Amino acid sequence: MHAVGIVAAAGSGLRLGADRPKALVPLAGRPLVAWAVDTLLGSGVAEVVVAVPADELAAFAAVLPPEARPVVGGATRTASVRAALAAVTDPARPAPDAVLVHDAARPLTPPEVVTRVLAALADGAPAVVPVLPVVDTTVRVDGDGVVTGALPREALRRVQTPQGFAGAVLVDAYDRLPDGVELTDDAAVVRAAGVPVATVAGDERAAKVTVPHDLALAELQVPR
Ligand code: CTP
Ligand code: MG
Numbered sequence: 002m003h004a005v006g007i008v009a010a011a012g013s014g015l016r017l018g019a020d021r022p023k024a025l026v027p028l029a030g031r032p033l034v035a036w037a038v039d040t041l042l043g044s045g046v047a048e049v050v051v052a053v054p055a056d057e058l059a060a061f062a063a064v065l066p067p068e069a070r071p072v073v074g075g076a077t078r079t080a081s082v083r084a085a086l087a088a089v090t091d092p093a094r095p096a097p098d099a100v101l102v103h104d105a106a107r108p109l110t111p112p113e114v115v116t117r118v119l120a121a122l123a124d125g126a127p128a129v130v131p132v133l134p135v136v137d138t139t140v141r142v143d144g145d146g147v148v149t150g151a152l153p154r155e156a157l158r159r160v161q162t163p164q165g166f167a168g169a170v171l172v173d174a175y176d177r178l179p180d181g182v183e184l185t186d187d188a189a190v191v192r193a194a195g196v197p198v199a200t201v202a203g204d205e206r207a208a209k210v211t212v213p214h215d216l217a218l219a220e221l222q223v224p225r
């Protein structure tokens, strides 16, 4: 199976509040984006396209390995993945067998997660996401923050990346998604096109770096 990778790295990282785009912030001395790209390249993904902020192409090119190509992303994650998808696919040729879409902000994702996603695709799933159980009681609140009810935790999952797709399925789903519609992940894009999304086990180490505490935790977990 020929799998290509997309890494979404064009965000600014407002909640992390660093002095540079989040994907360029170092973890154990290497930018988050380099960790994320290596996870894919080390797990059977042949080439990777990285969506980066428009004014940072050179900075990203300087830290990416030769198998990874930076392209200009967009103002939202959906726009960034759309741009990267256009760069990995050629309308005149068949779509790649599989496309894996990963967040630069998940630097310590273990290779086993990628392997599980690729295996589900090889078994015929059109779309697959790594998930974890919800361990806290999870509630709904009203506009004043008053609890209005609890959600059935057993039926809830936290969704991670990389998310995997049959290439033609992802291309078709993005083609159908109107410009300007923003969804938080790619599974939501294919679901909007009516495609069922399977799940495999995620991993706590694939946690997303969002706020400074997450980066401090990741520093403690770097394999040495
Ligand atoms: N992303 C992207 N293009 C955007 C926005 C986000 O490629 N316009 C990417 C980010 O670089 C990140 C991933 O999507 O790897 C998940 O987004 P998030 O964690 O929200 O990162 P940021 O948007 O950069 O952070 P914040 O929301 O705190 O500004
Ligand atoms: Mg964001």
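Basically this note's numbering = 1-based index in the sequence shown + 1.
Every residue gets a Cβ at the ideal spot worked out from N, C-alpha and C, and that includes glycine.
Because the structure is a prediction, the values reported are computed rather than measured.
- Judged by their CB atoms, L184 and T79 are nearer to each other than the 9 angstroms cut-off.
- R159 is bridged by DSSP to L133.
- For ligand 1, a non-hydrogen atom lies closer than 8 angstroms to the CB of G12.
- Taking 8 angstroms as the cut-off, one finds no heavy atom of ligand 2 near enough to the beta carbon of R21.
- In this structure, ligand 2 has no non-hydrogen atom nearer than 8 angstroms to the beta-carbon of R70.
- CA-CA distance, Q161 to L17, rounds to 19 angstroms.
- The Cβ-Cβ distance between A85 and A9 falls below 9 angstroms.
- Contact between L33 and P131 fails: their C-beta atoms lie close to 18 angstroms from each other, not under 8 angstroms.
- For R78, the shortest C-beta to heavy atom distance toward ligand 1 is below 8 angstroms.
- Here the distance from the Cβ of L15 to the nearest heavy atom of ligand 2 is below 8 angstroms.
- The beta-bridge partner set that DSSP reports for A35 is empty.
- No heavy atom of ligand 1 is found nearer than 8 angstroms to the CB of G125.
- Residue pairing by DSSP places Q164 opposite V102 in a beta bridge.
- Here P67 is exposed, its C-beta having fewer than 16 other C-beta atoms within 10 Å.
- For T110, no beta strand (DSSP E) segment is defined, and its DSSP state is neither H nor E.
- Contact between P95 and V89 fails: their C-beta atoms lie close to 13 angstroms from each other, not under 8 angstroms.
- At least one heavy atom of ligand 1 lies closer than 8 angstroms to the C-beta of G74.
- Assigned with DSSP and collapsed to three states, E220 falls in helix.
- Rounded to whole angstroms, A128 and A174 show a C-alpha spacing of 11 angstroms.
- Residue pairing of E48 in beta bridges, as defined by DSSP: V5.
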